[in-house]
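Encoded as structure tokens, the structure appears first; notes follow it.
Here it is in structure tokens:
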């Protein structure tokens, strides 16, 4: 398979970078084609703006998603976005490699999503979730954080890690139709010993070699929602839980 | 009070910008001092890197938070970070004004958090949550989104809006000690009528005039956790719910 690793760490000697380097080696050895978008090395611009567009549907008033669609159709998207899109379309698996900054992605990586997950191609209208434009491809997160694992969970200081990850795994990846594999998480990385780091690298290598055996995460299916994206009332869901949608 | 509005929209004529403009007028009329960081207008750089530091604790290996503390102490932080920090320290209330991009902040605003919430000043070690460095100040989100309100809630297509907001409201704002006021949310903004927009602006104005009457959101208190940030077992929490922290 073709693997794109989108990597965002400002220190090439970091443990996150070591994980990325290991992934390149392990996946290449398995016979996969691997490409890396090292956003810091590329000096990737994460700011979504009018400068991303060589032509405009509306010169006077910028509606970013509208201009994404217009420029996609006219092949006038900025060169760097076009280059990333080509890698994304080539990929069968996308690995996002980053340190957690403030319970989320570093801005340079969030900006890759903002600018590269273009409307019209990756999603559109009701072409979201299991109707999304990148359906057929897989994605996973491989990230590091400073917090220790005991800080995460129900009633624990930072709460459940799943809710921390939902805006990313559901709101970004599942939203465009990617099948989301379970994340690989390295806790407390700035503080752990050399031995513990090697243990994490070994685990990560094993994780990468067993992706096909892992159950993908479950996200909404548009089968369960009507054309206005309201929950269907025809029993697709089962009677146990009434949806409680905002008015 | 001193109000800092941190605003991130790439179209000055947008509804999000209209909300920001309204906030300036309403709050000024009430006698408050208001300053705006219009990140797009400022061409704010959201990328956290070695370039943020005029001096280095470690020249060979970049540990971003370490260098934030070192540069804070030595007054060698990049000028743009220093300028934003001064506004942040001056503020009693910080309003974050933005459109939702992919269930979160646009990258330019995420980068403001990444670069301006400096370690040593805003937080550090166990100086988090109700021990955080910005304790005594308040914050709120004022944001717009394309989705309709019925898409949010338990069992609804995008899930509960609170879990979407948790990485921001808990992971960024509460984490540094800010008291987080309930957000103001404008749904389906690209698609609603002129009348509906005026209604939202009116509501937002009223919301801003009644901040003192609103119950702040509740987040963890370090009173309930030990020095390793594990839940205390001495009954502070009550017997009803056993924490389930990762091992």
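Protein chains in written order, with this note's numbering: chain E, -12 to 234; chain C, -12 to 234. For every residue, glycine included, the Cβ atom is placed at its ideal position computed from N, Cα and C.
{"Check": "Status (buried if at least 16 other CB within 10 Å, exposed otherwise) for residue 101 (chain E)", "Outcome": "buried"}
{"Check": "Collapsed DSSP secondary structure at residue 213 (chain C) in the structure displayed", "Outcome": "coil"}
{"Check": "Top-ranked residue by Cα proximity to residue 58 (chain E), from E:42, E:68, E:46", "Outcome": "E:42"}
{"Check": "Counted within 10 angstroms of its Cβ, other Cβ atoms place residue 151 (chain C) as buried (16 or more) or exposed", "Outcome": "buried"}
{"Check": "For residue 208 (chain C), the three-state DSSP class (helix, strand or coil)", "Outcome": "coil"}
{"Check": "Coarse secondary structure for residue 144 (chain C), derived from DSSP in three states", "Outcome": "coil"}
{"Check": "Distance between beta carbons of residue 144 (chain C) and residue 216 (chain E), contact taken as under 8 angstroms", "Outcome": "5 angstroms"}
{"Check": "When E:53, E:29, E:155, E:214 are compared against residue 70 (chain E), the one with the closest alpha-carbon", "Outcome": "E:29"}
{"Check": "Per DSSP, cross-strand counterpart(s) of residue 129 (chain E)", "Outcome": "E:84, E:171"}
{"Check": "Cutoff 8 angstroms: residue 6 (chain C) Cβ touching any chain E Cβ", "Outcome": "no"}
{"Check": "Rounded Cβ spacing between residue 250 (chain E) and residue 132 (chain E) (contact assumed at less than 8 angstroms)", "Outcome": "The question about residue 250 (chain E) has no answer here: the residues shown for chain E are numbered -12 through 234."}
{"Check": "Nonlocal neighbours in the same chain, by C-beta distance under 7 angstroms from residue 193 (chain E), ignoring five residues either side", "Outcome": "none"}
{"Check": "Inter-residue CB distance, residue 158 (chain E) and residue 142 (chain C) (contact presumed, cutoff 8 angstroms)", "Outcome": "At roughly 17 angstroms, the Cβ-Cβ gap does not stay under 8 angstroms, so residue 158 (chain E) and residue 142 (chain C) are not in contact."}
{"Check": "Cβ of residue -7 (chain E) within 8 angstroms of any chain C Cβ", "Outcome": "no"}
{"Check": "C-beta neighbour in chain C for residue 137 (chain E), strict 8 angstroms", "Outcome": "yes"}
{"Check": "Under the three-state DSSP convention, the category residue 154 (chain E) falls into", "Outcome": "helix"}
{"Check": "C-alpha distance - residue 201 (chain C) paired with residue 128 (chain C), whole-angstrom precision", "Outcome": "14 angstroms"}
{"Check": "Limits of the unbroken beta strand (DSSP E) element including residue 34 (chain C)", "Outcome": "No beta strand (DSSP E) holds residue 34 (chain C); DSSP gives it neither H nor E."}
{"Check": "Interface positions of the region 35 to 61 of chain C facing chain E (Cβ-Cβ less than 9 angstroms), listed along the chain", "Outcome": "35, 36, 37, 47, 48, 49, 50, 51, 52, 53"}
{"Check": "Spatial distance of residue 40 (chain C) from residue 72 (chain C) (CA atoms)", "Outcome": "14 angstroms"}
{"Check": "Buried or exposed by the 16-neighbour rule on C-beta atoms within 10 Å, applied to residue 205 (chain E)", "Outcome": "exposed"}
{"Check": "Neighbour flag for residue 220 (chain E) against chain C, beta carbons, 8 angstroms", "Outcome": "no"}
{"Check": "Cβ-Cβ distance between residue 9 (chain E) and residue 188 (chain E) below 8 angstroms", "Outcome": "yes"}
{"Check": "Touching by the beta-carbon criterion (3+ pairs, under 8 angstroms), the region 108 to 118 of chain C and the region 112 to 125 of chain E", "Outcome": "no"}
{"Check": "Residue 12 (chain C), buried or exposed, once every other Cβ within 10 Å from all chains shown has been counted against 16", "Outcome": "exposed"}
{"Check": "Contact with chain E by residue -3 (chain C), beta-carbon distance below 8 angstroms", "Outcome": "yes"}
{"Check": "Interface flag, residue 33 (chain E) vs chain C, CB-CB below 8 angstroms", "Outcome": "yes"}
{"Check": "Segment limits, alpha helix (DSSP H) that includes residue 11 (chain E)", "Outcome": "2 to 16"}
{"Check": "Own chain residues within Cβ distance below 6 angstroms of residue 165 (chain C), not counting five before or after", "Outcome": "121, 124, 126"}
{"Check": "For residue 2 (chain E) and residue 212 (chain C), the rounded distance between their alpha carbons", "Outcome": "29 angstroms"}
{"Check": "For residue 156 (chain C) and residue 116 (chain C), the rounded distance between their alpha carbons", "Outcome": "11 angstroms"}
{"Check": "Start-to-end residues for the beta strand (DSSP E) that takes in residue 279 (chain C)", "Outcome": "In the structure as shown, chain C begins at -12 and stops at 234. Residue 279 (chain C) is therefore absent and cannot be evaluated."}
{"Check": "Proximity below 8 angstroms, CB of residue 26 (chain E) to CB of residue 96 (chain E)", "Outcome": "yes"}
{"Check": "Distance between beta carbons of residue -2 (chain C) and residue 196 (chain C), contact taken as under 8 angstroms", "Outcome": "Not a contact, Cβ separation roughly 27 angstroms."}
{"Check": "Alpha helix (DSSP H) segment containing residue -7 (chain E), residue limits", "Outcome": "Counting along the chain, residue -7 (chain E) falls outside any alpha helix (DSSP H), though it belongs to the beta strand (DSSP E) covering -11 to -6."}
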